[in-house]
Ligand code: SF4
Ligand code: SF4
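Numbering (the working numbering), first residue to last: 548 to 972.
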């Protein structure tokens, strides 16, 4: 039996999910809708259709796995679990797309990821932390760092003019300057502990390679987090690409390696880890920062000359119900604009943009149109895959809109140690 019968039986075929489904919106084809796919699963389960039927295989791949259908379903169908079971059976051996196999293999090479991540500037090994913290304290009190940051914060706050690309570039440059000088966070941005184990930051396998600055900025905002470098992949990639057993085993191994709460900067990893380890073991970074909002209040500074918007992470929003927290943080520090369909998938969807680049681009295009029409300066992502997708799409259009991760953006509005010192007096 491929599917858990109780999960399949839950669907009452009401069709409420159809308007929420991005692939149905593209095709208006019932087979590309959640209800249509569940009917295909039922046909496979009762033997009416073979698992390798071309329509069945095509729909198992065309689905984004965004779970937008789950949140509108009145019957509480757990579509994400059904899709995992579907691919676990259908994407076996050679039937699994070659690119998915390659990416999954790479994610398992934790030594190579660690090494490449360090070359790209991922956070240092645990035993280096004490020295890094000392360097941070020394560097944060350096007048050069204070001047670089203060000049940006003060000049943008004083500006009456509309935000320009230069404004964003200046901020990005100043952040890089400060990052280089300090390498870590000012103290007091966030501290937390669960039971006898400290909270740990999940470095993420591909985040380490593609966006190592995200982990560095998360540690600048939350310096009390542990960040052991010898942590592996959470297994979300495997669970979503037809190897459910490996995906779960990897999550459990990571849970043993990081025995306290796991703080993540990736919505996809957060949802997978919560499904395997339990919600209480996982806290996404915007939740973590929101829980420390009083401490944050003393360090984050508002800059209303920057207009930002948020692109939700599907798994974070639809799987874990986290969407208010990143918005509340952004509203505190910038001019926030909500765009229509911010909750809709951007087309990244794990390996989807690699496996189905044309469909991925079709899903992304209206989002990029909306971003440019709204005239925002920065679009914020809370998942590395979404960040990569938005950056690539915007770059291809030579857009003036920039894409940044939430923690990267929040790190731009951390004032210097010198400013904090003056205000505390
Ligand atoms: S998945 Fe939910 S919303 Fe969609 S048809 Fe089935 S019961 Fe209705
Ligand atoms: S997961 Fe997303 S793409 Fe797949 S059926 Fe549900 S809404 Fe449609």
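Just so it is clear, CB atoms sit at the ideal spot from N, CA and C, and this is done for glycine as well.
Residue 563 and residue 619: beta carbons closer than 7 Å? Walking along the chain shown from the start, residue 563 turns up at place 16. Walking along the chain shown from the start, residue 619 turns up at place 72. It is a contact, given that the beta carbons lie within the stated cut-off.
Mapping the DSSP letters down to three states, classify residue 850 as helix, strand or coil. Mapped onto the chain shown, residue 850 falls at position 303. Three-state DSSP puts residue 850 in a strand.
When you compare the CB of residue 766 with every CB in chain B, is at least one pair closer than 7 Å? You won't find chain B in this structure, because it holds only one protein chain.
Is the Cβ-Cβ distance between residue 745 and residue 902 less than 7 Å? Within the chain shown, the letter at position 198 stands for residue 745. Within the chain shown, the letter at position 355 stands for residue 902. No.
Nonlocal neighbours in the same chain, by C-beta distance under 8 Å from residue 897, ignoring five residues either side: What you label residue 897 is simply residue 350 of the chain shown in a count that begins at 1. Excluding positions up to five away in sequence, the list reads 612, 783, 784, 787, 788, 815, 932.
Could you tell me the alpha carbon to alpha carbon distance between residue 548 and residue 628, rounded to whole angstroms? Position 1 of the chain shown holds residue 548. Position 81 of the chain shown holds residue 628. Approximately 15 Å between the Cα atoms of the pair.
Smallest Cα separation from residue 889: which of 610, 601, 915, 617? Working through the chain shown from its first residue, we reach residue 889 at position 342. Here the closest residue by C-alpha is 915.
In chain order, what residues have a CB nearer than 6 Å to some heavy atom of ligand 2? 567, 568, 569, 570, 581, 584, 610, 611, 612, 613, 614, 615, 616, 626
6 Å CB neighbourhood of residue 577 in its chain, flanking five on each side removed: Indexing the chain shown from 1 puts residue 577 at position 30. Same-chain partners within the cutoff: 583.
Quick one: what's residue 811 bridged to in DSSP? Indexing the chain shown from 1 puts residue 811 at position 264. Looking at the DSSP assignment, residue 811 forms a beta bridge with 831.
Quickly, what does DSSP pair residue 961 with across the bridge? List them, please. Position 414 of the chain shown holds residue 961. DSSP, once it has assigned bridges, lists no residue as partnering residue 961.
I need the DSSP call for residue 721, collapsed to helix, strand or coil. Taking the first residue of the chain shown as position 1, residue 721 is located at position 174. Below a pLDDT of 50, predicted positions are generally treated as unreliable, and residue 721, at 42, falls in that range; the measurement from the model is reported next regardless. DSSP places residue 721 in helix when its eight states are reduced to three.
Is the beta carbon of residue 561 closer than 7 Å to that of residue 580? By one-based count along the chain shown, residue 580 stands at place 33. By one-based count along the chain shown, residue 561 stands at place 14. No; because the gap between Cβ atoms is not below 7 Å, this pair is not in contact.
Terminal residues of the continuous beta strand (DSSP E) containing residue 951? Sequence index remark: in the chain shown, residue 951 carries index 404 (1-based). Note, residue 951: beta strand (DSSP E), 949-952.
Which partner residues does residue 855 have in the DSSP bridge list? Indexing the chain shown from 1 puts residue 855 at position 308. Residue 855 is bridged to 883, 925.
Let me know the secondary structure DSSP gives residue 936 once reduced to three states. Counting from one through the chain shown, the residue named residue 936 turns up at place 389. Correct three-state label for residue 936: helix.
Exposed unless 16 or more other CB atoms sit within 10 angstroms - verdict on residue 841: Against the chain shown, residue 841 aligns to sequence position 294. Flag for residue 841 reads exposed.
If you pair each beta-carbon of the stretch 846-865 with each one of the stretch 907-926, do three or more pairs fall below 8 Å? yes
Beta carbon of residue 579: closer than 6 Å to some heavy atom of ligand 1? The residue labelled residue 579 in the question sits at position 32 within the chain shown. Checking every heavy atom of ligand 1 against the Cβ of residue 579, none is found closer than 6 Å.
Starting from the C-beta of residue 636, find all residues in its chain whose C-beta is less than 7 Å away, skip the five residues before and the five after it, and write them out in chain order. By one-based count along the chain shown, residue 636 stands at place 89. Excluding residues within five positions, the ones whose Cβ falls inside 7 Å are 549, 598.
Does the Cβ of residue 624 lie closer than 6 Å to at least one heavy atom of ligand 1? The sequence position of residue 624 within the chain shown is 77, counting from 1. Flag set: Cβ of residue 624 near ligand 1.
Under 7 Å between the Cβ atoms of residue 805 and residue 762? Here residue 805 refers to the residue found at position 258 when the chain shown is read from its first residue. Here residue 762 refers to the residue found at position 215 when the chain shown is read from its first residue. No.
If we count the other Cβ atoms within 10 Å of its Cβ and call it buried at 16 or more, is residue 652 buried or exposed? On the chain shown, residue 652 is found 105 positions in, with the first residue counted as 1. Residue 652 should be labelled exposed.
Look at residue 900 and residue 938 and say whether their C-beta atoms are less than 7 Å apart. By one-based count along the chain shown, residue 900 stands at place 353. By one-based count along the chain shown, residue 938 stands at place 391. The answer is no: Cβ separation not under 7 Å.
When you measure from the CB of residue 562 to every non-hydrogen atom of ligand 1, does any distance come out below 6 Å? Walking along the chain shown from the start, residue 562 turns up at place 15. At least one heavy atom of ligand 1 is nearer than 6 Å to the Cβ of residue 562, so yes.
Quick one: Cα of residue 655 to Cα of residue 879, how far? Taking the first residue of the chain shown as 1, we reach residue 655 at position 108. Taking the first residue of the chain shown as 1, we reach residue 879 at position 332. If I take the Cα positions, the gap works out to 39 Å.
Considering only the beta carbon of each residue, do residue 884 and residue 929 sit closer than 7 Å? On the chain shown, position 337 is the one that residue 884 refers to. On the chain shown, position 382 is the one that residue 929 refers to. No. Outside cutoff.
Other residues of its chain near residue 719: CB distance less than 6 Å, five sequence neighbours each side excluded: Against the chain shown, residue 719 aligns to sequence position 172. Low confidence applies here, because residue 719 scores a pLDDT of 43, under 50, leaving its location unreliable; read the following figure in that light. Nothing listed; no residue qualifies.
Starting from residue 608 and walking both ways along the alpha helix (DSSP H), at which residues does that stretch end? Within the chain shown, residue 608 is the residue found at index 61, counting from 1. Residues 601-609.
With distances taken between CB atoms, is the gap from residue 957 to residue 768 smaller than 7 Å? The residue labelled residue 957 in the question sits at position 410 within the chain shown. The residue labelled residue 768 in the question sits at position 221 within the chain shown. In contact: residue 957 and residue 768 (Cβ atoms closer than 7 Å).
Considering only residues of the same chain and omitting the five flanking positions on each side of residue 864, which have a CB-CB separation below 7 Å? As a position in the chain shown, residue 864 is number 317, starting the count at 1. Same-chain partners within the cutoff: 870, 890.
First and last residue of the uninterrupted alpha helix (DSSP H) at residue 589: On the chain shown, residue 589 is found 42 positions in, with the first residue counted as 1. Start and end: 581-592.
Ligand 1 and residue 832: does the residue's C-beta get closer than 6 Å to at least one heavy atom of that ligand? Mapped onto the chain shown, residue 832 falls at position 285. Incorrect: residue 832 has no Cβ contact closer than 6 Å to ligand 1.
How is residue 560 classed by DSSP in three states: helix, strand or coil? Locating residue 560 in the chain shown gives position 13, counting from the first residue. Of the three classes helix, strand and coil, the one that applies to residue 560 here is coil, per DSSP.
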